[in-house]
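Using our numbering, you'd call the opening residue of the sequence shown number 80 and step up by one each time.
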Amino acid sequence: MEISNRNLYQLDKENYLPTFKRFPIAFIKGTGSRLWDADGKEYIDMLAGIAVNSVGHCHPTVVKAIQEQAAELIHVSNFFVSPTQVSLSKLLVDIAGLERVFLTNSGAESVEGAFKIARKYAHSHGRGGKIISMKNSFHGRTLATIATGQKKYQKGFGPMPSGFLQVPFNNLEAVKALISDKVAAIIVEPVQGEAGARVLDEGYLSAAYILCK
Ligand SMILES: Cc1ncc(COP(=O)(O)O)c(C=O)c1O
80 MEISNRNLYQ LDKENYLPTF KRFPIAFIKG TGSRLWDADG KEYIDMLAGI AVNSVGHCHP
140 TVVKAIQEQA AELIHVSNFF VSPTQVSLSK LLVDIAGLER VFLTNSGAES VEGAFKIARK
200 YAHSHGRGGK IISMKNSFHG RTLATIATGQ KKYQKGFGPM PSGFLQVPFN NLEAVKALIS
260 DKVAAIIVEP VQGEAGARVL DEGYLSAAYI LCK
């Protein structure tokens, strides 16, 4: 098969589950801020994998670390200690000033993990497990994360997991009105993205933190 945007787009359409509406462009190479598609066209990448490739494409340090680790050991079960997991966890704990970290594979998985931690803590203190989220929020595409967000992502996937409440973004009074011993957590994006780059008022997060405490 000839490698081209058109051919790859067609094969993708035939074989990959259509969970995203994709552009008919297949990227095959990247360096720093530059990307090249399968037809050889060069781009300046202003998207960066939706703001996550923060050191650019194929940064030499990242490439070297992956190559070295892949040649050494790729996977062991969670039943055993991993030296790289140990050193990364220690680094993150030191930087963040937190007690412990948990490593995940995606944003949605991180949010799911946070919900489980919050509910486990709440239940062990005799409290309920409700979670307050914001209208027009986005926290991922797993079942619990779509339960926190917009109706359009829930369509066709019901019944939704229970215990999720919603209030308007940037309205602390609305959050306060729902706080009770049945609530385990509040989840809020400091800057909403899907709702159109909406920023929280200054002081909201520290007030919400005090409310949680
Ligand atoms: C605010 C926010 N939370 C969670 C997620 C989910 O992250 P992931 O796609 O890595 O599961 C996203 C993804 O765009 C996001 O924008």
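Think of the CB as a built atom: it goes at the ideal place given N, C-alpha and C, for glycine as much as any other residue.
Predicted, not measured: the structure shown is a model, and the values here were computed from it.
For Val180, write down the residues that DSSP places opposite it in a beta bridge. Note: Val180 sits in no beta bridge, so no partner.
In the DSSP assignment, what are the bridge partners of Gly109? Beta-bridge pairing links Gly109 to Leu114.
What's the C-alpha gap between Gly119 and Arg113? Looking at the two C-alpha atoms, the distance is approximately 12 Å.
Which same chain residues end up closer than 6 Å to Leu171 when comparing Cβ atoms and leaving out the 5 residues on each side of it in sequence? Same-chain partners within the cutoff: Val180.
How big is the Cα-Cα spacing for Ala256 and Met125? Going by the C-alpha atoms only, they are around 41 Å apart.
State buried or exposed for Ser216, treating a residue as buried only when at least 16 other CB atoms are found within 10 Å of its CB. With 16 or more Cβ atoms within 10 Å of its Cβ, Ser216 is classed as buried.
Classify Val254 as helix, strand or coil using the three-state DSSP reduction. Here Val254 sits in helix by DSSP.
Identify the continuous alpha helix (DSSP H) that holds Leu244 and give its terminal residues. Careful: Leu244 lies outside any alpha helix (DSSP H), inside the beta strand (DSSP E) at 243-246.
So, are the CB atoms of Lys195 and Val262 less than 7 Å apart? No, Cβ-Cβ distance for Lys195 and Val262 is not below 7 Å.
CB of Glu191 to nearest heavy atom of ligand 1: below 6 Å? Because no heavy atom of ligand 1 lies under 6 Å away, the Cβ of Glu191 does not count as near it: no.
Contact check, Phe243 vs Leu222 under 8 Å by CB: the rounded distance? Their Cβ separation, rounded to whole angstroms, is 11 Å, which puts Phe243 and Leu222 out of contact at 8 Å.
Sequence-distant residues of its chain with Cβ nearer than 6 Å to Val267 (five each side left out): Here the set comprises Met213.
Any heavy atom of ligand 1 within a distance shorter than 6 Å of the CB on Ala127? No, Cβ of Ala127 sits at least 6 Å from all heavy atoms of ligand 1.
If you draw a straight line from the C-alpha of Val134 to the C-alpha of Ile258, how long is it? Cα-Cα distance, rounded: 40 Å.
The alpha helix (DSSP H) that contains Val190, what's its start and end? Boundaries of the alpha helix (DSSP H) harbouring Val190: 186-203, taken from the DSSP string.
What number of angstroms, rounded off, separates the C-alpha of Asn132 from the C-alpha of Ala149? Spanning the two alpha carbons is a distance of roughly 20 Å.
Reference Asn249, options Arg277, Ile107, Leu167, Pro238, closest by Cα: It is Arg277.
I'd like to confirm something about His138: is its beta-carbon nearer than 6 Å to some heavy atom of ligand 1, or not? Every heavy atom of ligand 1 is 6 Å or more from the Cβ of His138, so no.
Should His204 be listed as close to ligand 3, given that the test is whether its C-beta is under 6 Å from any heavy atom? Judged by which ligands are present, ligand 3 is missing from the structure shown, whose ligands are ligand 1.
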